[in-house]
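Letter by letter, the sequence shown follows residues 851 to 1066 of my numbering. No residue lacks a Cβ here, since even glycine has one placed at the ideal position from N, Cα and C. Small disclaimer: the values here were computed from a predicted structure and weren't measured.
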Amino acid sequence: MGRHHIVAWNIVVLSLALVVACGGGDGGGGAKTATATRTLAKTPAPRASATAGAEPSATGAATQPGGQPAPTPAEPTQSDGQPVPTPSATPPPAPQPSDTPPPAGTTIAVSLREFSLALAAGTAPSGLVTFSLSNDGTIPHDFAVIMTDLAPDALPVDPATYQVRLSGLNLVRFQPPFGSGASVQVPVDLPAGNYVLICNVASHYQAGMRVGFVVQ
Ligand SMILES: [Cu+2]
């Protein structure tokens, strides 16, 4: 029994020693690890590293987002740049047409009624002349541009139709009858010369719908 008792005691002691050793070791290791961790955490280096990490991370994050957005804006910018040039390219043509209209010619307002034919201007430079017709009367009228050196009231009239005989004249342009209140734009390219403008509805010329016009 004594040996057993001693052995048991030894076992207990060994066990305690093992427990202490292991516990101490583990505790010490844990403590050391914790200490090391705390030390690292408390150490300026970790903070610096953390700060540095934060800065780089922030920088990196900013850089990455910035870099990613940067390319993205770059693409919109390019896309924007492309649309911008396109509109900018479009405006130039617009000015060109806008520039074109002025030299395009002269517009002459013409008021037709029973029974007269009134012009806003009796002359125009050679080139495009746009007669802006307004039927200010109550019945339909037509409009004929005749290049002739005859006097406005000297045109030949067909006694059967009561109309100016256009077949023997240089008819430059003829606008068919249009109704009361209507407006019609009649562009004509006119060389320099003398013209007579008339309405050739039966009897209208004789009634007074005629006027001379000079292109210089
Ligand atoms: Cu008429």
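query, result
"What's the gap between the Cα of Val1046 and the Cα of Val1061?", "6 Å"
"Could you check the C-alpha separation between Pro951 and Thr957 for me, to the nearest Å?", "With a pLDDT of 48 at Pro951, under the threshold of 50, the modelled position of that residue is not reliable, and the figure given next carries that caveat. The alpha-carbon atoms of Pro951 and Thr957 are separated by roughly 11 Å."
"Rounded to whole angstroms, what is the Cα-Cα separation between Met997 and Ser1017?", "13 Å"
"Ignoring anything shorter than 3 residues or poking outside the region 948-1008, list the beta strand (DSSP E) runs there in chain order.", "956-963, 966-969, 977-985, 991-997"
"Is Val1036 near ligand 1 - that is, is its Cβ less than 7 Å away from at least one heavy atom of it?", "no"
"Compute every distance between the C-beta of Val1022 and the non-hydrogen atoms of ligand 3, then say whether any falls below 7 Å.", "Inclusion of ligand 3 in the displayed structure is not the case, the ligand content consisting of ligand 1 alone."
"Quick one: grab the DSSP three-state call for Ser929.", "Only weak support exists for where Ser929 lies, its pLDDT of 45 falling under 50; the value from the coordinates is given anyway. Note: Ser929 maps to helix in three-state DSSP."
"Compare the Cα-Cα distances from Gly1029 to each of Gly955, Glu964, Ala971 and report the closest residue.", "Glu964"
"Suppose the cutoff is 6 Å on Cβ atoms and the five residues either side in sequence are ignored; what does the same chain contact list for Ser984 look like?", "Ser961, Ser1033"
"Measuring only from the beta carbon, is Leu1016 closer than 7 Å to any heavy atom that is part of ligand 1?", "no"
"Rounded to the nearest angstrom, what separates Leu1005 and Thr1011 at their Cα positions?", "14 Å"
"Within the continuous alpha helix (DSSP H) that includes Tyr1012, where are the two ends?", "That residue, Tyr1012, is in no alpha helix (DSSP H); it is neither H nor E in DSSP."
"Do Pro1041 and Ser976 have their C-beta atoms within less than 8 Å of each other?", "yes"
"Could you tell me if Gly903 is buried or exposed, where buried requires 16 or more neighbouring beta carbons within 10 angstroms of its beta carbon?", "Because the pLDDT of Gly903 is 40, which lies under 50, any placement of that residue in the model is unreliable, and the number read from its coordinates should be weighed accordingly. Label assigned to Gly903: exposed."
"Under a criterion of Cβ closer than 5 Å to any non-hydrogen atom of ligand 1, which residues qualify, in chain order?", "His991, Cys1049, Val1051, His1054, Met1059"
"Hey, could you find the ends of the beta strand (DSSP E) Gln1066 is sitting in?", "Looking at the DSSP string, Gln1066 is not in any beta strand (DSSP E), and its letter there is neither H nor E."
"Less than 8 Å between the CB atoms is what I'm expecting for Val1014 and Val1007, so what's the real figure, rounded?", "6 Å"
"Give the straight-line distance between the Cα atoms of Ala974 and Ala954, rounded to the nearest whole angstrom.", "13 Å"
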